[in-house]
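Asker: So that we are looking at the same thing, I have put the structure below in C-alpha coordinates.
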Amino acid sequence: MRASCVLLSLVLLASLAASAQQMPANESATALSDLLAEADQNNPQINAARLSWEAAKQVPSQVSTLPDPQFLAQHVSVGSPRPFAGYTNSDFAYFGLGVSQDIPYPGKLRLRGDMARRDADVAQEKYESVRRAVAVDLKGAYFRLAYLAQTLRILESDGQLLEQVEKAADARYRSGMGTQQDLLQAQLEQTKLLREIAMHHLEVAKAQAQVKQLLNRPQSSPDIRPADLPNTSLTQSFEDLVAAATNRNPDVSGAQRMIERQKLQIELAKKDFDPDFNIQYLWQRTDPTRYRAYYMLTVGVTVPIYRSRKQRPELAQAQAELARSQSEAASQTQQVAFQLRTAFDTVQKSDEILKIYNDGLLPQTRTEFQSGLAAYQNGRQEFQSLFTSFREVLNTDEEYWQTVADRETAIAQIEQLTGLSLRQEASAQ
(Lines of atoms letter the chains of each structure in order from A; the text may use other names.)
(Lines give C-alpha, C1' and ligand atoms only; values in the text may rest on other atoms or scores of the structure.)
Protein backbone atom coordinates (compact mmCIF):
# COMPACT_ATOMS: atom_id res chain seq x y z
CA MET A 1 0.00 0.00 0.00
CA ARG A 2 2.78 2.42 0.96
CA ALA A 3 4.68 1.61 -2.27
CA SER A 4 1.59 2.38 -4.34
CA CYS A 5 1.18 5.72 -2.60
CA VAL A 6 4.83 6.61 -3.15
CA LEU A 7 4.51 5.70 -6.83
CA LEU A 8 1.54 7.99 -7.22
CA SER A 9 3.45 10.80 -5.55
CA LEU A 10 6.37 10.32 -7.92
CA VAL A 11 4.05 10.40 -10.92
CA LEU A 12 2.43 13.56 -9.57
CA LEU A 13 5.77 15.29 -9.07
CA ALA A 14 6.95 14.25 -12.54
CA SER A 15 3.81 15.68 -14.11
CA LEU A 16 4.22 18.91 -12.19
CA ALA A 17 7.85 19.12 -13.26
CA ALA A 18 6.78 18.71 -16.87
CA SER A 19 4.28 21.51 -16.31
CA ALA A 20 7.04 23.76 -15.02
CA GLN A 21 9.12 23.03 -18.09
CA GLN A 22 6.24 23.90 -20.40
CA MET A 23 5.59 27.17 -18.55
CA PRO A 24 9.00 28.82 -18.16
CA ALA A 25 9.84 31.62 -15.78
CA ASN A 26 8.40 35.05 -16.42
CA GLU A 27 11.69 36.58 -17.52
CA SER A 28 11.35 34.69 -20.80
CA ALA A 29 7.65 35.47 -21.22
CA THR A 30 6.32 37.05 -24.41
CA ALA A 31 4.87 40.52 -23.85
CA LEU A 32 1.24 40.96 -24.76
CA SER A 33 2.03 44.21 -26.59
CA ASP A 34 4.40 42.33 -28.93
CA LEU A 35 1.70 39.81 -29.76
CA LEU A 36 -0.83 42.57 -30.44
CA ALA A 37 1.58 44.26 -32.84
CA GLU A 38 2.21 40.94 -34.59
CA ALA A 39 -1.50 40.24 -34.94
CA ASP A 40 -2.05 43.72 -36.37
CA GLN A 41 0.46 42.94 -39.12
CA ASN A 42 -0.24 39.28 -39.83
CA ASN A 43 -3.83 38.44 -38.93
CA PRO A 44 -5.73 37.55 -42.15
CA GLN A 45 -9.00 39.10 -40.96
CA ILE A 46 -7.29 42.40 -40.24
CA ASN A 47 -5.45 42.34 -43.55
CA ALA A 48 -8.67 41.59 -45.44
CA ALA A 49 -10.47 44.48 -43.72
CA ARG A 50 -7.52 46.79 -44.40
CA LEU A 51 -7.49 45.88 -48.09
CA SER A 52 -11.27 46.35 -48.28
CA TRP A 53 -10.81 49.86 -46.90
CA GLU A 54 -8.00 50.56 -49.36
CA ALA A 55 -10.22 49.40 -52.22
CA ALA A 56 -13.13 51.55 -51.03
CA LYS A 57 -10.92 54.65 -51.03
CA GLN A 58 -10.40 54.24 -54.78
CA VAL A 59 -14.11 54.53 -55.59
CA PRO A 60 -14.98 58.24 -54.97
CA SER A 61 -12.87 59.61 -57.82
CA GLN A 62 -14.33 57.01 -60.17
CA VAL A 63 -18.00 57.73 -59.53
CA SER A 64 -17.59 61.53 -59.31
CA THR A 65 -15.93 61.82 -62.72
CA LEU A 66 -17.78 62.45 -65.99
CA PRO A 67 -18.43 59.40 -68.18
CA ASP A 68 -15.77 58.78 -70.80
CA PRO A 69 -16.41 60.72 -74.02
CA GLN A 70 -17.26 58.88 -77.19
CA PHE A 71 -15.38 59.76 -80.37
CA LEU A 72 -17.20 59.35 -83.69
CA ALA A 73 -16.09 58.79 -87.27
CA GLN A 74 -18.65 58.93 -90.08
CA HIS A 75 -18.50 58.35 -93.83
CA VAL A 76 -21.37 58.58 -96.28
CA SER A 77 -20.98 57.49 -99.89
CA VAL A 78 -23.70 57.69 -102.56
CA GLY A 79 -23.99 55.38 -105.53
CA SER A 80 -21.22 53.03 -104.41
CA PRO A 81 -21.12 50.52 -101.53
CA ARG A 82 -17.38 50.90 -101.26
CA PRO A 83 -16.16 52.86 -98.21
CA PHE A 84 -14.36 56.07 -99.06
CA ALA A 85 -15.54 55.97 -102.67
CA GLY A 86 -14.81 59.68 -102.92
CA TYR A 87 -16.87 62.78 -103.50
CA THR A 88 -17.21 62.36 -107.32
CA ASN A 89 -20.27 60.15 -107.24
CA SER A 90 -22.56 62.55 -105.34
CA ASP A 91 -22.67 65.96 -103.77
CA PHE A 92 -24.04 64.33 -100.62
CA ALA A 93 -20.98 62.18 -99.88
CA TYR A 94 -19.03 63.30 -96.84
CA PHE A 95 -16.59 62.29 -94.13
CA GLY A 96 -17.10 63.42 -90.52
CA LEU A 97 -15.39 63.39 -87.11
CA GLY A 98 -17.07 64.12 -83.83
CA VAL A 99 -17.18 63.68 -80.07
CA SER A 100 -20.08 62.92 -77.74
CA GLN A 101 -20.21 63.54 -73.96
CA ASP A 102 -22.88 62.46 -71.45
CA ILE A 103 -23.35 65.02 -68.67
CA PRO A 104 -25.41 64.10 -65.57
CA TYR A 105 -27.60 66.75 -64.03
CA PRO A 106 -25.54 69.17 -61.89
CA GLY A 107 -24.94 67.78 -58.39
CA LYS A 108 -25.31 64.08 -59.21
CA LEU A 109 -21.61 63.41 -59.58
CA ARG A 110 -20.83 65.24 -56.34
CA LEU A 111 -23.44 63.23 -54.47
CA ARG A 112 -22.11 59.95 -55.85
CA GLY A 113 -18.60 60.91 -54.79
CA ASP A 114 -19.81 61.86 -51.29
CA MET A 115 -21.66 58.56 -50.99
CA ALA A 116 -18.55 56.64 -52.02
CA ARG A 117 -16.52 58.56 -49.43
CA ARG A 118 -19.03 57.57 -46.76
CA ASP A 119 -18.72 53.97 -47.93
CA ALA A 120 -14.97 54.29 -47.51
CA ASP A 121 -15.50 55.72 -44.03
CA VAL A 122 -17.70 52.74 -43.16
CA ALA A 123 -14.99 50.38 -44.46
CA GLN A 124 -12.42 52.18 -42.30
CA GLU A 125 -14.61 51.79 -39.21
CA LYS A 126 -15.11 48.12 -40.11
CA TYR A 127 -11.34 47.72 -40.32
CA GLU A 128 -10.92 49.28 -36.88
CA SER A 129 -13.71 47.08 -35.51
CA VAL A 130 -11.98 43.95 -36.81
CA ARG A 131 -8.65 45.11 -35.32
CA ARG A 132 -10.25 45.54 -31.93
CA ALA A 133 -12.15 42.25 -32.13
CA VAL A 134 -8.95 40.36 -32.91
CA ALA A 135 -7.15 42.22 -30.11
CA VAL A 136 -9.77 41.35 -27.50
CA ASP A 137 -9.77 37.70 -28.60
CA LEU A 138 -5.98 37.63 -28.39
CA LYS A 139 -6.00 39.23 -24.95
CA GLY A 140 -8.61 36.77 -23.73
CA ALA A 141 -6.58 33.78 -24.96
CA TYR A 142 -3.37 35.26 -23.51
CA PHE A 143 -4.98 35.81 -20.11
CA ARG A 144 -6.36 32.29 -20.28
CA LEU A 145 -2.83 30.98 -20.78
CA ALA A 146 -1.60 33.10 -17.88
CA TYR A 147 -4.41 31.78 -15.67
CA LEU A 148 -3.64 28.18 -16.61
CA ALA A 149 0.07 28.71 -15.91
CA GLN A 150 -0.82 30.14 -12.50
CA THR A 151 -3.22 27.31 -11.67
CA LEU A 152 -0.59 24.74 -12.65
CA ARG A 153 1.69 26.35 -10.08
CA ILE A 154 -1.20 26.22 -7.61
CA LEU A 155 -1.65 22.52 -8.27
CA GLU A 156 2.05 22.05 -7.60
CA SER A 157 1.86 23.98 -4.36
CA ASP A 158 -1.37 22.35 -3.21
CA GLY A 159 0.03 18.99 -4.27
CA GLN A 160 2.60 19.44 -1.54
CA LEU A 161 -0.23 20.03 0.94
CA LEU A 162 -1.82 16.83 -0.29
CA GLU A 163 1.43 15.01 0.44
CA GLN A 164 1.16 16.22 4.01
CA VAL A 165 -2.36 14.82 4.17
CA GLU A 166 -1.20 11.50 2.75
CA LYS A 167 1.69 11.27 5.19
CA ALA A 168 -0.62 12.03 8.10
CA ALA A 169 -3.10 9.39 6.93
CA ASP A 170 -0.28 6.86 6.50
CA ALA A 171 1.12 7.62 9.95
CA ARG A 172 -2.25 7.21 11.61
CA TYR A 173 -2.90 4.03 9.66
CA ARG A 174 0.43 2.54 10.75
CA SER A 175 -0.23 3.49 14.35
CA GLY A 176 -3.63 1.84 14.23
CA MET A 177 -5.48 5.10 14.88
CA GLY A 178 -6.54 5.62 11.27
CA THR A 179 -8.29 3.53 8.68
CA GLN A 180 -7.21 2.21 5.35
CA GLN A 181 -10.07 4.17 3.82
CA ASP A 182 -8.38 7.43 4.80
CA LEU A 183 -5.19 6.39 3.05
CA LEU A 184 -7.11 5.27 -0.02
CA GLN A 185 -8.97 8.57 -0.05
CA ALA A 186 -5.66 10.46 -0.04
CA GLN A 187 -4.41 8.31 -2.93
CA LEU A 188 -7.66 8.90 -4.82
CA GLU A 189 -7.23 12.64 -4.37
CA GLN A 190 -3.72 12.44 -5.78
CA THR A 191 -5.13 10.68 -8.84
CA LYS A 192 -7.78 13.38 -9.22
CA LEU A 193 -5.03 15.98 -9.03
CA LEU A 194 -3.28 14.24 -11.92
CA ARG A 195 -6.53 14.36 -13.86
CA GLU A 196 -6.86 18.10 -13.21
CA ILE A 197 -3.30 18.63 -14.44
CA ALA A 198 -4.06 16.70 -17.62
CA MET A 199 -7.23 18.74 -18.17
CA HIS A 200 -5.23 21.93 -17.66
CA HIS A 201 -2.76 20.79 -20.31
CA LEU A 202 -5.69 20.26 -22.68
CA GLU A 203 -6.95 23.78 -21.98
CA VAL A 204 -3.44 25.13 -22.50
CA ALA A 205 -3.26 23.39 -25.89
CA LYS A 206 -6.59 24.94 -26.93
CA ALA A 207 -5.51 28.43 -25.85
CA GLN A 208 -2.16 28.05 -27.60
CA ALA A 209 -3.92 27.00 -30.80
CA GLN A 210 -6.21 30.04 -30.62
CA VAL A 211 -3.30 32.43 -30.08
CA LYS A 212 -1.39 30.98 -33.04
CA GLN A 213 -4.47 31.23 -35.22
CA LEU A 214 -4.93 34.91 -34.34
CA LEU A 215 -1.22 35.56 -35.00
CA ASN A 216 -1.35 33.57 -38.26
CA ARG A 217 1.47 31.37 -37.01
CA PRO A 218 1.82 27.68 -37.94
CA GLN A 219 0.27 25.43 -35.33
CA SER A 220 3.61 23.61 -35.13
CA SER A 221 5.44 26.79 -34.06
CA PRO A 222 6.78 27.15 -30.49
CA ASP A 223 4.23 27.80 -27.79
CA ILE A 224 3.61 31.25 -26.35
CA ARG A 225 5.00 31.92 -22.89
CA PRO A 226 2.60 34.24 -21.04
CA ALA A 227 3.56 36.68 -18.33
CA ASP A 228 1.82 36.74 -14.98
CA LEU A 229 -1.72 38.05 -14.92
CA PRO A 230 -1.61 41.86 -14.59
CA ASN A 231 -3.67 43.99 -12.25
CA THR A 232 -4.86 46.83 -14.47
CA SER A 233 -6.47 49.74 -12.65
CA LEU A 234 -9.73 51.27 -13.86
CA THR A 235 -10.05 54.87 -12.69
CA GLN A 236 -12.66 56.07 -15.18
CA SER A 237 -16.30 56.32 -14.23
CA PHE A 238 -18.97 54.56 -16.23
CA GLU A 239 -20.09 57.91 -17.66
CA ASP A 240 -16.54 58.60 -18.87
CA LEU A 241 -16.42 55.22 -20.57
CA VAL A 242 -19.80 55.76 -22.22
CA ALA A 243 -18.61 59.12 -23.58
CA ALA A 244 -15.44 57.50 -24.93
CA ALA A 245 -17.43 54.69 -26.55
CA THR A 246 -19.84 57.18 -28.14
CA ASN A 247 -16.96 59.07 -29.75
CA ARG A 248 -14.50 56.28 -30.47
CA ASN A 249 -16.37 53.02 -30.93
CA PRO A 250 -16.00 51.97 -34.60
CA ASP A 251 -19.33 50.14 -34.73
CA VAL A 252 -21.21 53.19 -33.47
CA SER A 253 -19.23 55.49 -35.77
CA GLY A 254 -19.77 53.17 -38.72
CA ALA A 255 -23.52 53.18 -38.09
CA GLN A 256 -23.51 57.00 -38.06
CA ARG A 257 -21.53 57.08 -41.30
CA MET A 258 -24.11 54.80 -42.87
CA ILE A 259 -26.89 57.20 -41.84
CA GLU A 260 -25.01 60.03 -43.53
CA ARG A 261 -24.59 57.87 -46.60
CA GLN A 262 -28.30 57.07 -46.80
CA LYS A 263 -29.19 60.76 -46.50
CA LEU A 264 -27.01 61.41 -49.52
CA GLN A 265 -28.76 58.52 -51.27
CA ILE A 266 -32.07 60.30 -50.75
CA GLU A 267 -30.65 63.49 -52.24
CA LEU A 268 -29.39 61.55 -55.24
CA ALA A 269 -32.76 59.83 -55.67
CA LYS A 270 -34.38 63.28 -55.78
CA LYS A 271 -31.81 64.40 -58.34
CA ASP A 272 -32.80 61.47 -60.55
CA PHE A 273 -36.11 63.25 -61.16
CA ASP A 274 -34.04 65.81 -63.11
CA PRO A 275 -32.87 65.15 -66.69
CA ASP A 276 -29.39 64.21 -67.81
CA PHE A 277 -27.77 65.68 -70.91
CA ASN A 278 -25.74 64.64 -73.90
CA ILE A 279 -23.65 67.03 -76.00
CA GLN A 280 -22.39 66.05 -79.43
CA TYR A 281 -20.13 68.03 -81.72
CA LEU A 282 -19.53 66.87 -85.31
CA TRP A 283 -17.30 68.10 -88.15
CA GLN A 284 -18.24 67.02 -91.68
CA ARG A 285 -16.23 67.44 -94.89
CA THR A 286 -17.79 67.18 -98.34
CA ASP A 287 -15.94 67.98 -101.60
CA PRO A 288 -13.40 70.55 -100.37
CA THR A 289 -13.08 72.08 -103.82
CA ARG A 290 -16.75 72.98 -104.02
CA TYR A 291 -18.18 73.18 -100.46
CA ARG A 292 -17.20 74.37 -97.05
CA ALA A 293 -17.01 72.01 -94.06
CA TYR A 294 -20.06 71.55 -91.81
CA TYR A 295 -19.97 71.99 -88.03
CA MET A 296 -22.86 70.58 -86.01
CA LEU A 297 -23.60 70.90 -82.26
CA THR A 298 -26.31 68.63 -80.86
CA VAL A 299 -27.72 68.73 -77.31
CA GLY A 300 -29.78 65.77 -76.11
CA VAL A 301 -31.86 65.46 -72.95
CA THR A 302 -32.80 62.28 -71.09
CA VAL A 303 -36.35 62.88 -69.87
CA PRO A 304 -37.40 60.78 -66.83
CA ILE A 305 -40.94 60.01 -68.00
CA TYR A 306 -41.30 56.70 -66.08
CA ARG A 307 -41.24 58.33 -62.66
CA SER A 308 -43.93 56.15 -61.14
CA ARG A 309 -41.97 53.01 -62.01
CA LYS A 310 -38.37 54.19 -61.53
CA GLN A 311 -37.69 57.44 -59.69
CA ARG A 312 -40.46 57.28 -57.08
CA PRO A 313 -39.66 53.67 -56.06
CA GLU A 314 -35.99 54.66 -55.97
CA LEU A 315 -36.78 57.51 -53.56
CA ALA A 316 -38.98 55.28 -51.40
CA GLN A 317 -36.22 52.69 -51.27
CA ALA A 318 -33.68 55.31 -50.17
CA GLN A 319 -36.02 56.58 -47.45
CA ALA A 320 -36.60 53.04 -46.17
CA GLU A 321 -32.85 52.40 -46.16
CA LEU A 322 -32.34 55.56 -44.10
CA ALA A 323 -34.93 54.44 -41.55
CA ARG A 324 -33.27 51.03 -41.38
CA SER A 325 -29.84 52.62 -40.86
CA GLN A 326 -31.20 54.80 -38.05
CA SER A 327 -32.72 51.77 -36.33
CA GLU A 328 -29.48 49.82 -36.70
CA ALA A 329 -27.51 52.75 -35.26
CA ALA A 330 -29.81 52.91 -32.25
CA SER A 331 -29.51 49.16 -31.78
CA GLN A 332 -25.72 49.31 -32.07
CA THR A 333 -25.53 52.11 -29.52
CA GLN A 334 -27.64 50.13 -27.08
CA GLN A 335 -25.57 47.00 -27.68
CA VAL A 336 -22.33 48.85 -26.95
CA ALA A 337 -23.84 50.40 -23.82
CA PHE A 338 -24.99 46.96 -22.63
CA GLN A 339 -21.60 45.36 -23.23
CA LEU A 340 -19.85 48.28 -21.56
CA ARG A 341 -22.13 48.12 -18.54
CA THR A 342 -21.55 44.38 -18.20
CA ALA A 343 -17.77 44.70 -18.47
CA PHE A 344 -17.67 47.67 -16.08
CA ASP A 345 -19.76 45.83 -13.48
CA THR A 346 -17.54 42.77 -13.87
CA VAL A 347 -14.47 44.86 -13.04
CA GLN A 348 -16.16 46.57 -10.10
CA LYS A 349 -17.52 43.38 -8.58
CA SER A 350 -14.27 41.52 -9.24
CA ASP A 351 -12.42 44.15 -7.23
CA GLU A 352 -14.77 43.52 -4.31
CA ILE A 353 -14.46 39.76 -4.64
CA LEU A 354 -10.65 39.88 -4.86
CA LYS A 355 -10.54 41.99 -1.70
CA ILE A 356 -12.63 39.36 0.06
CA TYR A 357 -10.25 36.66 -1.15
CA ASN A 358 -7.12 38.57 -0.10
CA ASP A 359 -8.44 39.75 3.25
CA GLY A 360 -10.37 36.66 4.24
CA LEU A 361 -10.82 33.55 2.15
CA LEU A 362 -7.21 32.84 1.10
CA PRO A 363 -5.62 33.10 4.56
CA GLN A 364 -8.65 31.59 6.29
CA THR A 365 -8.78 28.44 4.18
CA ARG A 366 -5.06 27.79 4.65
CA THR A 367 -5.27 28.43 8.37
CA GLU A 368 -8.23 26.08 8.60
CA PHE A 369 -6.34 23.42 6.68
CA GLN A 370 -3.20 23.65 8.83
CA SER A 371 -5.33 23.59 11.97
CA GLY A 372 -7.30 20.62 10.68
CA LEU A 373 -4.09 18.79 9.73
CA ALA A 374 -2.71 19.21 13.24
CA ALA A 375 -6.03 18.12 14.75
CA TYR A 376 -6.15 15.06 12.47
CA GLN A 377 -2.60 14.08 13.39
CA ASN A 378 -3.59 14.26 17.07
CA GLY A 379 -6.74 12.26 16.50
CA ARG A 380 -9.09 15.18 17.22
CA GLN A 381 -10.61 15.46 13.72
CA GLU A 382 -12.01 13.10 11.14
CA PHE A 383 -10.20 12.62 7.85
CA GLN A 384 -13.21 13.73 5.82
CA SER A 385 -13.12 17.15 7.47
CA LEU A 386 -9.41 17.45 6.70
CA PHE A 387 -10.03 16.37 3.15
CA THR A 388 -12.80 18.97 2.79
CA SER A 389 -10.53 21.73 4.08
CA PHE A 390 -7.85 20.72 1.55
CA ARG A 391 -10.38 20.93 -1.25
CA GLU A 392 -11.38 24.37 -0.01
CA VAL A 393 -7.76 25.51 -0.29
CA LEU A 394 -7.46 24.18 -3.83
CA ASN A 395 -10.80 25.55 -5.02
CA THR A 396 -10.25 28.95 -3.38
CA ASP A 397 -6.85 29.36 -5.03
CA GLU A 398 -8.23 28.48 -8.47
CA GLU A 399 -11.32 30.68 -8.04
CA TYR A 400 -9.13 33.62 -7.03
CA TRP A 401 -7.03 33.46 -10.17
CA GLN A 402 -10.09 32.79 -12.32
CA THR A 403 -11.55 36.04 -10.97
CA VAL A 404 -8.30 37.86 -11.82
CA ALA A 405 -8.41 36.47 -15.37
CA ASP A 406 -12.10 37.38 -15.77
CA ARG A 407 -11.37 40.91 -14.55
CA GLU A 408 -8.54 41.42 -17.06
CA THR A 409 -10.71 40.03 -19.85
CA ALA A 410 -13.41 42.56 -18.91
CA ILE A 411 -10.75 45.32 -18.98
CA ALA A 412 -9.81 44.14 -22.48
CA GLN A 413 -13.45 44.37 -23.56
CA ILE A 414 -13.69 47.91 -22.18
CA GLU A 415 -10.62 48.81 -24.22
CA GLN A 416 -12.26 47.33 -27.30
CA LEU A 417 -15.50 49.24 -26.78
CA THR A 418 -13.98 52.61 -25.84
CA GLY A 419 -10.70 52.69 -27.76
CA LEU A 420 -8.86 53.57 -24.53
CA SER A 421 -5.47 52.01 -23.76
CA LEU A 422 -5.97 51.38 -20.05
CA ARG A 423 -2.83 49.28 -19.66
CA GLN A 424 -0.64 51.96 -21.21
CA GLU A 425 -2.26 54.58 -19.00
CA ALA A 426 -1.71 52.41 -15.94
CA SER A 427 1.97 51.85 -16.78
CA ALA A 428 2.46 55.58 -17.39
CA GLN A 429 1.06 56.36 -13.97
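Using my numbering, read the sequence shown as starting at 1 and increasing by one per residue.
In this text, a Cβ means the ideal position worked out from N, Cα and C, and glycines have one as well.
For clarity, every value in this text was computed on a predicted model and none was experimentally measured.
When DSSP labels each residue in this structure, what does Asn358 get in the three-state scheme?
Answerer: Note: Asn358 maps to helix in three-state DSSP.
Asker: Hey, quick one: how far does the alpha helix (DSSP H) through Ile259 stretch, first residue to last?
Answerer: From DSSP, the alpha helix (DSSP H) with Ile259 extends over Pro250 to Lys271.
Asker: Since Tyr142 contacts Leu66 with CB under 8 Å, what's their CB separation in whole angstroms?
Answerer: Not a contact, Cβ separation roughly 53 Å.
Asker: What number of angstroms, rounded off, separates the C-alpha of Leu111 from the C-alpha of Ser77?
Answerer: Leu111 and Ser77: Cα-Cα distance of roughly 46 Å.
Asker: If you draw a straight line from the alpha carbon of Leu109 to that of Met258, how long is it in whole angstroms?
Answerer: Distance between the alpha carbons of Leu109 and Met258: 19 Å.
Asker: Is Asn231 helix, strand or coil by DSSP?
Answerer: Coil.
Asker: Can you have a look at Ser389 and say buried or exposed, based on whether 16 or more other CB atoms are within 10 angstroms of its CB?
Answerer: The residue is buried, with at least 16 neighbouring Cβ atoms inside 10 Å.
Asker: On a CA-only basis, which of Ala55, Glu415 and Tyr294 is nearest Ala436? Give me that one, please.
Answerer: The question about residue 436 has no answer, for the chain in this structure spans 1 to 429.
Asker: Excluding sequence positions up to five away, which residues of its chain have a Cβ less than 8 Å from the Cβ of Arg366?
Answerer: Around Arg366: Val393.
Asker: Quick one: any contact between the region 273-281 and the region 98-108, if contact means 3 or more CB pairs under 8 Å?
Answerer: In short, these stretches touch, since the Cβ pair count reaches three.
Asker: Look at Val130 and Ile46 and say whether their C-beta atoms are less than 8 Å apart.
Answerer: Yes, these two residues count as a Cβ contact at 8 Å.
Asker: Does DSSP put Thr418 in a helix, a strand or coil?
Answerer: Three-state DSSP puts Thr418 in a helix.
Asker: Give me the Cα-Cα distance between Lys270 and Leu315, rounded to the nearest whole angstrom.
Answerer: In a straight line, the C-alpha of Lys270 is about 7 Å away from that of Leu315.
Asker: Using a threshold of 8 Å, state whether the C-beta atoms of Ala149 and Pro226 are closer than that.
Answerer: Yes, they are a contact pair.
Asker: Helix, strand or coil: which one does DSSP assign to Thr246?
Answerer: In the structure shown, Thr246 sits in a helix (DSSP, three-state: H, G or I).
Asker: Please state if the CB of Gln219 and the CB of Ala207 are separated by a distance shorter than 8 Å.
Answerer: No, these two residues do not count as a Cβ contact at 8 Å.
Asker: Is it right to say Asn358 is buried, meaning 16 or more other beta carbons lie within 10 angstroms of its own, or is it exposed?
Answerer: Classification of Asn358: exposed, given that the 10 Å Cβ count is below 16.
Asker: Span of the alpha helix (DSSP H) holding Arg50?
Answerer: Element bounds for Arg50: Pro44 to Ala56.
Asker: Helix, strand or coil, according to DSSP, for Tyr127 in the structure here?
Answerer: In the structure shown, Tyr127 sits in a helix (DSSP, three-state: H, G or I).
Asker: Rounded to the nearest angstrom, what separates Ala120 and Lys57 at their Cα positions?
Answerer: Using only the alpha carbons, I get a separation of about 5 Å.
Asker: What separation, rounded to the nearest whole angstrom, lies between the Cα atoms of Pro24 and Leu184?
Answerer: With a pLDDT of 45 at Pro24, under the threshold of 50, the modelled position of that residue is not reliable, and no figure is offered here.
Asker: Give the straight-line distance between the Cα atoms of Ser52 and Asn42, rounded to the nearest whole angstrom.
Answerer: Each residue's alpha carbon lies about 16 Å from the other.
Asker: Please determine, among Arg407, Asp397 and Thr418, the residue with the shortest C-alpha to C-alpha distance to Ile154.
Answerer: Of Arg407, Asp397 and Thr418, the residue nearest in Cα terms is Asp397.
Asker: Does DSSP classify Asn278 as helix, strand or coil?
Answerer: In this structure, Asn278 counts as strand in the three-state DSSP scheme.
Asker: Using the DSSP secondary-structure output, state which residues sit across from Thr367 in a beta bridge.
Answerer: Partner(s): none; Thr367 has no beta bridge.
Asker: Tell me which residues share the same chain as Thr409 and place their Cβ nearer than 6 Å to its Cβ, disregarding the 5 neighbours each side in the sequence.
Answerer: Cβ within range, chain order: Gly140 and Phe143.
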